[in-house]
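Below: one structure, written as structure tokens.
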Ligand code: ADP
Ligand code: MG
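Numbering (our numbering), first residue to last: 320 to 576.
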């Protein structure tokens, strides 16, 4: 995909991997996201913080295509994706997790990840009942790939456990593993540390560093500041749906003091 260079007063600049312009979402009279300009560069871990009700989850829902904005635009690698459906966004490389778990409790850990992977295979889940030789080969490749991902999120030994039987922290990691199965270029994560114990939070921090080393771009919503401060390159602060600050962890920390 060609990179888009945009003209601005005083010169040109390269566009971010994911960018919003004047993004706005109204729910009746309530302005949940207000004229938001967000810029996420390739390879960056970008934190999105702010008090409860400040519009973080709504922003993520707009980026993933679950909601249509009232106003404003969303660009992915310079291409306007504002009117694209959620599954189209998954295909071009945007993956997400949810604030509350959205796993298939009655399926195994491995199957949960393989379902995430099916948007990248030709056969797809619908055709699984009718199996050609080629589909079987593809399924075997998917299984191997899913096992590698389970290793990355620390769940390899749990592959055949039913997702519903995992402790909560491991369920959260499984949800991230499934999102990664779509081979995203951008991962949108909503409060992954909620409900985790200190050991699990350390694992989570290590995991985000691993993702960064792999070059995956991340938008991380999180209210645990120790997680934000340790993993983010840049942070955007929301209040009442609008951006009130943006900067490095150090700059933001000095701001809130
Ligand atoms: P945060 O994730 O920062 O806690 P949200 O994005 O969930 O905030 O919510 C922002 C505001 O929008 C809140 O006032 C919330 O009540 C409202 N809101 C969120 N989703 C909806 C919805 N589907 N319908 C109506 N109001 C909503
Ligand atoms: Mg939220």
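From the three backbone atoms N, C-alpha and C, an ideal C-beta is built for every residue, glycine too.
Query: Rounded distance between the beta-carbons of residue 508 and residue 537, thought under 8 Å; Result: 6 Å
Query: Contacts around residue 515, its chain only, beta-carbon distance under 6 Å, and the 5 residues preceding and following it disregarded; Result: 488
Query: Cutoff 6 Å; reference residue 347; Cβ partners in own chain excluding five residues on either side; Result: none
Query: Check: residue 376 C-beta below 7 Å from any heavy atom of the ligand MG; Result: yes
Query: Any non-hydrogen atom of the ligand MG closer than 7 Å to residue 558 Cβ; Result: no
Query: Check whether residue 482 and residue 422 have beta carbons under 8 Å apart; Result: yes
Query: Cβ-based burial, residue 474 [other Cβ within 10 Å; buried from 16]; Result: buried
Query: Three-state class that DSSP yields for residue 425 in the structure shown; Result: coil
Query: DSSP-derived helix/strand/coil call for residue 394; Result: strand
Query: Contact under 8 Å by Cβ, residue 336 with residue 504; Result: yes
Query: Residue 357 vs residue 555 beta-carbon contact at 8 Å; Result: yes
Query: The region 404-416 / the region 459-468 touching (three or more Cβ pairs under 8 Å); Result: no
Query: Selected residue, minimal CA-CA separation from residue 569, among 548, 425, 532; Result: 548
Query: Any non-hydrogen atom of the ligand ADP closer than 7 Å to residue 349 Cβ; Result: yes
Query: Check: residue 362 C-beta below 7 Å from any heavy atom of the ligand ADP; Result: no
Query: Residue from 427, 374, 457 whose Cα sits closest to the Cα of residue 476; Result: 427
Query: Cβ neighbours of residue 552 in the same chain (closer than 6 Å, five flanking residues each side left out); Result: 363, 364
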